[in-house]
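In this text, residue positions in the sequence shown follow the numbering used here: the first is 9, and each later residue adds one.
Built from N, CA and C at the ideal position, the CB exists for glycine as well.
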Amino acid sequence: MVAVAVERPGALVLMENEPRALGAGDVMVRVQRAGICGSDIHILHGTNPFAKYPRIIGHEFAGVVEAVGPQATGLTPGDRVVVDPVISCGLCYACRVGRSNVCANLEVLGVHRDGGFRDRVVVPAANAVKLAPTLPVEVAALAEPFSIAANVLSRTGCSADDVVLVYGAGTVGLTVLQVAKLHGARVILADLDAKRLERAEAFGADRVIHSAKESVPVAVAGENEGLGPSVVIDGAGVPALLAEACGLASPAGRIGLLGFSPAPCNVSQQEIVRKELSLHGSRLSRRLLPQVIRWLEQGRLRPAAMITHTFAAAEAKAAFSLIESEPGQVVKVHLAFD
Ligand SMILES: [Zn+2]
Ligand SMILES: [Zn+2]
Numbered sequence: 009m010v011a012v013a014v015e016r017p018g019a020l021v022l023m024e025n026e027p028r029a030l031g032a033g034d035v036m037v038r039v040q041r042a043g044i045c046g047s048d049i050h051i052l053h054g055t056n057p058f059a060k061y062p063r064i065i066g067h068e069f070a071g072v073v074e075a076v077g078p079q080a081t082g083l084t085p086g087d088r089v090v091v092d093p094v095i096s097c098g099l100c101y102a103c104r105v106g107r108s109n110v111c112a113n114l115e116v117l118g119v120h121r122d123g124g125f126r127d128r129v130v131v132p133a134a135n136a137v138k139l140a141p142t143l144p145v146e147v148a149a150l151a152e153p154f155s156i157a158a159n160v161l162s163r164t165g166c167s168a169d170d171v172v173l174v175y176g177a178g179t180v181g182l183t184v185l186q187v188a189k190l191h192g193a194r195v196i197l198a199d200l201d202a203k204r205l206e207r208a209e210a211f212g213a214d215r216v217i218h219s220a221k222e223s224v225p226v227a228v229a230g231e232n233e234g235l236g237p238s239v240v241i242d243g244a245g246v247p248a249l250l251a252e253a254c255g256l257a258s259p260a261g262r263i264g265l266l267g268f269s270p271a272p273c274n275v276s277q278q279e280i281v282r283k284e285l286s287l288h289g290s291r292l293s294r295r296l297l298p299q300v301i302r303w304l305e306q307g308r309l310r311p312a313a314m315i316t317h318t319f320a321a322a323e324a325k326a327a328f329s330l331i332e333s334e335p336g337q338v339v340k341v342h343l344a345f346d
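So this is what it looks like as structure tokens:
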């Protein structure tokens, strides 16, 4: 049984692993595909404040159910599933108001608990989302990253009336773009990298802004009948962008934040009040994997082009090196465990 783990910051290792015993409400999943995420890289670098070491990483994974506990309802061996990595208590205030992704006792597979970069993993059955037989497993493994986009746009709201500006055309930006287009919005992406912007256009961006060459506030001033974007999503995680977003958003605009930087930023209270802006933090996803799976099954997203590279799990070190050395070339890198 092979697992990809971070033994201590900086040390990515392949190790033997036996999954924990199957509890009454658990299922055992034979992992087939798993995606490498920016937060896995943070754990490798020791910059994820929630991770303890050693840690088997991986929170974007799909596979086949091999065994079910006696109280695991709705699943049988042979079912194909994607796993929601967010484990919540169901009892605290956040859980009671439907915000299980910010549960007071939150545990994320691959961060707080050992994750899915291994050939077999035991997870609560409630976290396993069944797939239609026709959905390819590599596409299913993209459901978690798309759920991040679905969550931030559910926080801000997004409809065909909106002009959405997304900072950052990396993996997060491309998923936000696709989910916003699915809602019928006009979508603009800003990034410092021309190659990423070219890719964003291929994924359906209505407009791209090369922010190294062009001021974003100036470029978007004429949007939305001269009022500016009604939704601004920071997929880049740069604190200073919040002040810029408050300045350029339209009246009644909504700003969605995905970054996790502890650095403060200067935001004018006046901008927020004058335009009645809403600021929304968005963390992980609030049980949105079933929704994303339906969109994927209906062909309403463009997942295939997101997967730029696939490595055998035994080649995980090469996969991580590629992401670090050629960030412009990769969108999503997958590990194959079968
Ligand atoms: Zn992720
Ligand atoms: Zn809770």
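Where M23 falls, given that 16 or more other Cβ within 10 Å makes a residue buried: exposed
Heavy atom of ligand 2 within 7 Å of N56 beta-carbon: no
Touch test, the region 321-333 against the region 114-122, Cβ-Cβ under 8 Å, three pairs minimum: no
As assigned by DSSP and simplified to three states, the class of R28: coil
Stretch pair the region 160-176 + the region 79-89: three plus CB contacts closer than 8 Å: no
Per-residue burial, A210 [other beta carbons within 10 Å of its own, 16 or more giving buried]: exposed
N274 versus L250 - alpha carbon distance: 8 Å
C100 versus A112: straight-line alpha-carbon distance, rounded: 6 Å
Whole-number beta carbon distance between V10 and R126, since they are thought to touch under 8 Å: 7 Å
At least three beta-carbon pairs within less than 8 Å, the region 304-311 to the region 143-153: yes
Candidates L256, V172, A248 and V105: closest to V216 by CA position: V172
Nearest candidate by alpha-carbon position, reference N25, set G106, V129, D214 and G54: V129
Chain-order list of residues whose beta-carbon lies under 7 Å from that of T183 (same chain, five-residue window excluded): P153, F154, I156 and A157
Alpha-carbon to alpha-carbon, I51 and G43: 15 Å
Validate contact between the region 267-286 and the region 241-255 using beta carbons, cut 8 Å, 3 pairs: yes
Option in K203, E206, L190 and I196 with minimal Cα separation from A227: I196
Contact test: N135 Cβ vs ligand 2 heavy atom, cutoff 7 Å: no
Nearest-angstrom Cβ-Cβ length linking L265 and L297, presumed shorter than 8 Å: Rounded, the Cβ-Cβ distance is 22 Å, inconsistent with contact.
Residue environment, L200, which counts as buried when at least 16 other CB atoms sit within 10 Å: exposed
Residue from K203, A257, G267 and L292 whose Cα sits closest to the Cα of R282: A257
Range covered by the alpha helix (DSSP H) that runs through G234: E231 to G234
Own chain partners of R16 with C-beta closer than 6 Å, once the 5 adjacent residues on each side are dropped: Y61
Ligand 1 heavy atom lying under 7 Å from the CB of H67: yes
Residue range of the unbroken beta strand (DSSP E) whose run includes V131: R128 to P132
Start-to-end residues for the beta strand (DSSP E) that takes in D34: D34 to I44
Closest Cα partner of E146 within the set Q186, V224, T318 and S223: T318
DSSP three-state assignment for S286, whether helix, strand or coil: strand
Where E279 sits in the DSSP three-state scheme: helix
Own chain, CB closer than 7 Å to L330, minus 5 neighbours either side, in chain order: H317, V338 and V341
Residues that E152 bridges to, as DSSP identifies them: DSSP, once it has assigned bridges, lists no residue as partnering E152.
DSSP beta-bridge partners of D199: H218
Residue span of the alpha helix (DSSP H) that contains A253, given as start and end: A248 to L256
Sequence-ordered residues whose beta carbon comes within less than 5 Å of a heavy atom of ligand 2: S96, C97, C100, C103 and C111
E115 Cβ short of 7 Å to ligand 3 heavy atom set: Of the ligands this structure carries, namely ligand 1 and ligand 2, none is ligand 3.
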